[in-house]
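Take a look at the structure set out below.
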């Protein structure tokens, strides 16, 4: 206060009652168990998908085919044939 002696701060003579209530209420009820089960199921699904897509630890280079496509073929079509798609290039070459 000594820094700004030229400013006069006056207290009001009346005492206002303090606000003691309100403030937005409590937190909403949460289903912690249900949320945990949902996250666990999503995690298990993601892990299973990644394990399914995992490349084999050893790939025999003589078994790798390079295919130049003329149309669109989905990765699932190759997997149905028992083949694993290793890479696809912009010129529609599949490995």
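Residue numbers (UniProt numbering): 1 to 95. Cβ atoms here follow ideal geometry from the backbone N, Cα and C, with glycine treated the same way.
The stretch 83–90 contacting the stretch 51–66, beta-carbon criterion three pairs below 8 Å: yes
Boundaries (first-last residue) of the alpha helix (DSSP H) holding residue 62: Looking at the DSSP string, residue 62 is not in any alpha helix (DSSP H), and its letter there is neither H nor E.
Residue from 11, 36, 19, 88 whose Cα sits closest to the Cα of residue 64: 88
Spatial distance of residue 38 from residue 47 (CA atoms): 14 Å
Backbone secondary structure at residue 52 - three-state DSSP: helix
Bounding residues of the alpha helix (DSSP H) (the contiguous stretch that carries residue 76): 75–80
Rounded separation between residue 4 and residue 16 - CA only: 27 Å
Distance, residue 36 Cα to residue 58 Cα: 37 Å
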